[in-house]
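Structure first, commentary second.
In our numbering, the protein residues as written are 22 to 191.
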């Protein structure tokens with residue numbers, strides 16, 4: 022039995038994004054209930070040298086859409102990274118989910134051996150990343166999606182939100 026690149030990416034990321042959406046709902050409700058400014062949570066981070074919650078959500082969605090787009094052989098949609106509220110982040114998640122839902126299994130055929138190349142970093146210090154499809158999915162895309170999702174979860178836990186493993190697994 023084999024697993025397709027589509028099955029190993031799109032439904033997996035859709036589930037992660039549903040989990041992320043649900044914990045953002047819980048975070049917004051909890052902050053309101055406890056009279057905590059939403060911006061306080063959105064700007065929270067685990068360590069001074071780590072990204073804040075909003076940026077973690079942005080990167081998680083970027084990694085999900087970017088990984089799937091490149092494997093499907095299409096250009097990833099670009100988002101502005103201007104989210105300033107839980108509603109904005111939820112809208113970004115919805116746009117990402119819509120994009121993932123637009124992809125078909127046929128677009129992923131042969132992607133395990135597809136050459137993937139893209140630039141990362143600021144314009145003044147860009148570098149090119151190069152992968153073969155399967156290595157890109159399993160060694161870069163999926164670990165990054167889960168890392169940034171886990172950071173959102175950890176930031177919210179650190180700030181007092183009562184969520185657990187079942188919330189994370191969705």
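We put the beta carbon where it would ideally sit given N, CA and C, even for glycine. Given the structure is predicted, the values throughout are model-derived calculations rather than measurements.
Same chain, Cβ closer than 6 Å to residue i, five either side skipped, listed in chain order
i	result
residue 63	74 and 75
residue 172	77
residue 155	133
residue 118	38
residue 190	none
Assigned exposure category for residue i - 16 Cβ within 10 Å defines buried
i	result
residue 36	exposed
residue 77	buried
residue 183	exposed
residue 162	buried
residue 120	buried
residue 46	exposed
residue 169	buried
residue 83	buried
residue 71	exposed
residue 31	buried
residue 105	exposed
Length of the line joining the Cα atoms of residue i and residue j
i	j	result
residue 122	residue 81	17 Å
residue 51	residue 87	31 Å
residue 166	residue 97	15 Å
residue 68	residue 142	21 Å
residue 137	residue 152	5 Å
residue 188	residue 49	15 Å
residue 33	residue 126	13 Å
residue 144	residue 94	24 Å
residue 130	residue 27	8 Å
residue 116	residue 23	30 Å
residue 61	residue 135	42 Å
residue 160	residue 85	13 Å
Where the beta strand (DSSP E) through residue i begins and ends
i	result
residue 151	148 to 153
residue 139	136 to 141
For residue i, the first and last residue of its enclosing alpha helix (DSSP H)
i	result
residue 107	107 to 123
residue 33	31 to 54
residue 85	74 to 93
residue 164	163 to 179
Contacting residues, own chain, Cβ-Cβ under 8 Å from residue i (five flanking each side not counted)
i	result
residue 139	87, 91, 149 and 150
residue 103	109
residue 157	88, 91, 92 and 137
residue 147	140 and 141
Beta-carbon proximity list for residue i, same chain, < 7 Å, skipping 5 on both sides
i	result
residue 175	67
residue 29	158
Next on the checklist: Under 8 Å: do the region 38 to 49 and the region 103 to 118 share three or more Cβ pairs, one atom per stretch?
Outcome noted: yes
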